[in-house]
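Below is one structure, written out as structure tokens; comments come after it.
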Amino acid sequence: MIRNRKDVATGSVFTLLAVVWCSYVWMTIPPGAGDGDIGPRAFPLLLGAVLGLLSAGFAVLRAFRGPKSIEPPLDDDAGSGGNELATMLTLFCLIMLYGYAMQKIGFVLATALCVALTMTILAGDRAPVRIGAMTLGVTLGCWLVFAKIMALPLAVGTWISLG
Numbered sequence: 116m117i118r119n120r121k122d123v124a125t126g127s128v129f130t131l132l133a134v135v136w137c138s139y140v141w142m143t144i145p146p147g148a149g150d151g152d153i154g155p156r157a158f159p160l161l162l163g164a165v166l167g168l169l170s171a172g173f174a175v176l177r178a179f180r181g182p183k184s185i186e187p188p189l190d191d192d193a194g195s196g197g198n199e200l201a202t203m204l205t206l207f208c209l210i211m212l213y214g215y216a217m218q219k220i221g222f223v224l225a226t227a228l229c230v231a232l233t234m235t236i237l238a239g240d241r242a243p244v245r246i247g248a249m250t251l252g253v254t255l256g257c258w259l260v261f262a263k264i265m266a267l268p269l270a271v272g273t274w275i276s277l278g
């Protein structure tokens, strides 16, 4: 039951974070210029709304779900090995690298680089075919959604420009 309370609290905090995020985006980022334009506000607002819906749903589901079994609860740190902080720091560094690489080598190459590094470093995947397929798929999918479907301008980079 304690685990359920932690999950409800986590879902509530993330729901509150999503509300604050959406409010901040609504107040600071201008809408599209014309009728039917998506504009720069759409994607951050969509991310905040998705976070809010998922976290609120998680909190509600966990609040009304009873314990699955009568077994004693496991210790939260059991089996983790204590490497959560290292994983979080590595992920933070990869996100910072992505932001820097996006400015220098552009969206397409930065996305491919960071997906490959994330799979190799964080996921521990060493299968070159799987890493290549995931890198190509995520990069192509993001480029297709952002550049072609949403017609958003993507970073082209100062070192290498793949427009």
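The sequence shown runs contiguously to residue 278 in the numbering used here. Don't be surprised by glycine CBs; every beta carbon is placed ideally from N, CA and C.
Given this structure, state the Cα-to-Cα distance separating residue i from residue j, to the nearest angstrom.
| i | j | result |
| --- | --- | --- |
| Pro145 | Pro243 | 43 angstroms |
| Thr202 | Arg180 | 30 angstroms |
| Lys219 | Ile264 | 24 angstroms |
| Gly172 | Ile275 | 43 angstroms |
To which residues of the same chain is residue i closer than 6 angstroms at the C-beta, ignoring the five residues directly before and after it?
| i | result |
| --- | --- |
| Ile210 | none |
| Leu166 | Ala133 |
Report the residue from the options whose alpha carbon sits nearest the alpha carbon of residue i.
| i | options | result |
| --- | --- | --- |
| Leu267 | Val128, Ala201, Ser127, Gly147 | Gly147 |
| Ala248 | Ala231, Ile264, Trp258 | Ala231 |
| Pro159 | Val175, Tyr139, Ser170 | Tyr139 |
| Gly154 | Trp274, Thr273, Phe261, Asn119 | Phe261 |
| Cys208 | Val223, Thr233, Leu259 | Thr233 |
| Phe129 | Leu269, Leu162, Arg156, Trp141 | Leu162 |
By Cβ distance below 8 angstroms, which residues in the same chain neighbour residue i in space, the five residues on each side in sequence not counted?
| i | result |
| --- | --- |
| Ala164 | Ala133, Cys137 |
| Leu63 | Nothing can be reported for residue 63: it is not among the residues displayed for the chain, which extend from 116 to 278. |
| Leu224 | Ala216, Gly272, Ile275, Leu277 |
Using a Cβ-Cβ cut-off of 7 angstroms, state whether residue i counts as contacting chain C.
| i | result |
| --- | --- |
| Val175 | Looking for chain C here will not work: only one protein chain is present. |
What would DSSP say about residue i, mapped onto helix, strand or coil?
| i | result |
| --- | --- |
| Arg120 | helix |
| Ala248 | helix |
| Leu267 | coil |
| Thr226 | helix |
| Ala242 | coil |
| Ile275 | coil |
Whose C-beta lies closer than 7 angstroms to the C-beta of residue i among residues of the same chain, with five residues either side of it excluded?
| i | result |
| --- | --- |
| Leu206 | Leu237 |
Any alpha helix (DSSP H) of 4 or more consecutive residues that is wholly inside the stretch 132-179: For secondary structure counted as the alpha helix (DSSP H) over 4 or more consecutive residues, the stretch 132-179 holds these complete runs in sequence order: 157-179.
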